[in-house]
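The block underneath contains the structure these notes are about, expressed in structure tokens.
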Amino acid sequence: MNQPLNSLTSEPTDTENRSEIYDLTEGERDEFAEADHFDTDLFSEDFTEELPTVILPNRVLGLDAYGVTDVGNSRHHNEDFFVIDNRCTQLIDSDGAQTYTRGVYILCDGMGGHAQGEVASRMAAETLALFFREHWQEEMPSEAAVKDAINWANQTLHTLNESQTRMGSGRMGTTLVLAMLQDTQFRFAHVGDSRLYRLTHRHGLEQLTVDHEVGQRDIERGTAPEVAYARPDAYQLTQALGPRSSHSLRPDVQSLTLHEDSVFLLCSDGLTDNQLLERFQAEYLTPLLDFQYSLEAGLHRLIELANTENGHDNVTVIGVRVKVSFGQSMPAMFA
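Just so you know, we're using numbering that gives the first Met the number 0 here: the sequence shown kicks off at 0 and counts up by one.
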């Protein structure tokens, strides 16, 4: 599923008039300044050298997103489900092109061994996508609003479980990893063991989420990792959407600002098991930072790799690639 960017738009700005000042001759400048009560000192080199400068914020120059899901080698049906809602508008003026972006990226992995996991993952993803379509106005929803959305999706699944009197492992549920982008602001959340990674030239591959599972919980309580993951239930989820009411849910929500080109990968555990991404980073991930390299082709290569190296589960990945400009300095009077 590859979401196309919206059509480009172009609007004139006052920078068109401003740039005309610098095209005048010296005599025309004096005439222009006198007629418009404009200070001719503005054109002197001494004046402009004395002006304080400001650093313009980084901005997004390009956005690319794509998602792939595969049933894998061992399963008969796919319990993973994803949604991409990508919106991109470009404004072109005398200073060049500026890209304004907004995107919602949702990946859910229906709980293995539970009935109707594929129903749970689809319902949770579509419920969250609907929430943000209806409630995301001008500003990106706050971290509190993101938690409200997740609780709403959880309660939707929990109510269905209750109405069908599902018990124990018969209760349907799903993991969640969610990312939101508005220009250079990035917000993400997760429940369960579906993960979010960030890839940059400066820091390489970083895992941004921490799995909600028994082994990780014991590590956070002070148990040595080798002991925590020796227990037979180490990979059992401690959080998921659906099985319990929202009073018991503790989704992790975090925010960051983009300062460099980045690739974000939302992954189900069929892709991340056995340290797959870490082991094959150089060959399969680093090329994704090249914007001439097809994101679609790169993600399909990852799915093939997962089926070869793991293959025991459904495999899903969403890739979000963002090109970011560095802030530029300019005189404060024109900032």
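Cβ coordinates follow ideal geometry from the N, Cα and C atoms, glycine included.
Every value quoted in this text rests on a predicted model; they were computed, and no experiment measured them.
Do the CB positions of residue i and residue j come within less than 8 Å of each other?
i    : j    : result
G297 : A239 : no
N57  : V323 : yes
T98  : L60  : yes
V118 : M171 : yes
V321 : L257 : yes
A152 : F131 : no
L270 : V314 : yes
T317 : G66  : The sequence shown places Ile at residue 317, not Thr. Yes; because the gap between Cβ atoms is below 8 Å, this pair is in contact.
T199 : E282 : no
R375 : V176 : Nothing about residue 375 can be read from this structure; the chain reaches only from 0 to 334.
A124 : F81  : yes
L127 : I105 : yes
G203 : Q280 : yes
S335 : T173 : Shown here, the chain extends from 0 to 334; a query on residue 335 therefore has no answer.
V103 : M179 : yes
P250 : H189 : yes
When you compare only the Cα positions, how much space is there between residue i and residue j?
i    : j    : result
A96  : C107 : 35 Å
F290 : T307 : 27 Å
H76  : D312 : 10 Å
L276 : L288 : 15 Å
G116 : F187 : 23 Å
S162 : P242 : 12 Å
E78  : D94  : 48 Å
Q154 : Q181 : 27 Å
E295 : R101 : 20 Å
N273 : N309 : 8 Å
L159 : N150 : 14 Å
H211 : A223 : 17 Å
N72  : S267 : 15 Å
L129 : T68  : 21 Å
G214 : T208 : 15 Å
R216 : T88  : 42 Å
A305 : R220 : 32 Å
Y292 : A64  : 13 Å
F325 : L265 : 25 Å
H299 : M122 : 25 Å
D232 : E142 : 31 Å
P286 : V70  : 25 Å
R74  : Y234 : 19 Å
G109 : L62  : 29 Å
T237 : Q206 : 19 Å
R201 : R278 : 18 Å
T164 : I218 : 35 Å
G169 : L255 : 38 Å
V246 : I83  : One detail in the question is off: residue 246 reads as His in this sequence, not Val. Taking the straight line from one Cα to the other gives about 28 Å.
According to DSSP, residue i sits in a beta bridge with which residue or residues?
i    : result
S261 : V321
M179 : V103 and R186
G109 : T173
T315 : T68
T256 : Q184
Contained beta strand (DSSP E) runs [length at least 3] in the segment 191 to 254, N- to C-terminal order: 194 to 199 and 203 to 206
Within the chosen definition, does the segment 222 to 234 reach the segment 120 to 140 through at least 3 CB pairs nearer than 8 Å? no
Note down, one range per segment and in chain order, each beta strand (DSSP E) of at least 3 residues found wholly within the segment 47 to 98. 52 to 54, 59 to 69 and 79 to 92
Which parts of the segment 110 to 135 are runs of the alpha helix (DSSP H), unbroken and 4 residues or longer, counting only runs that do not cross its ends? 116 to 134
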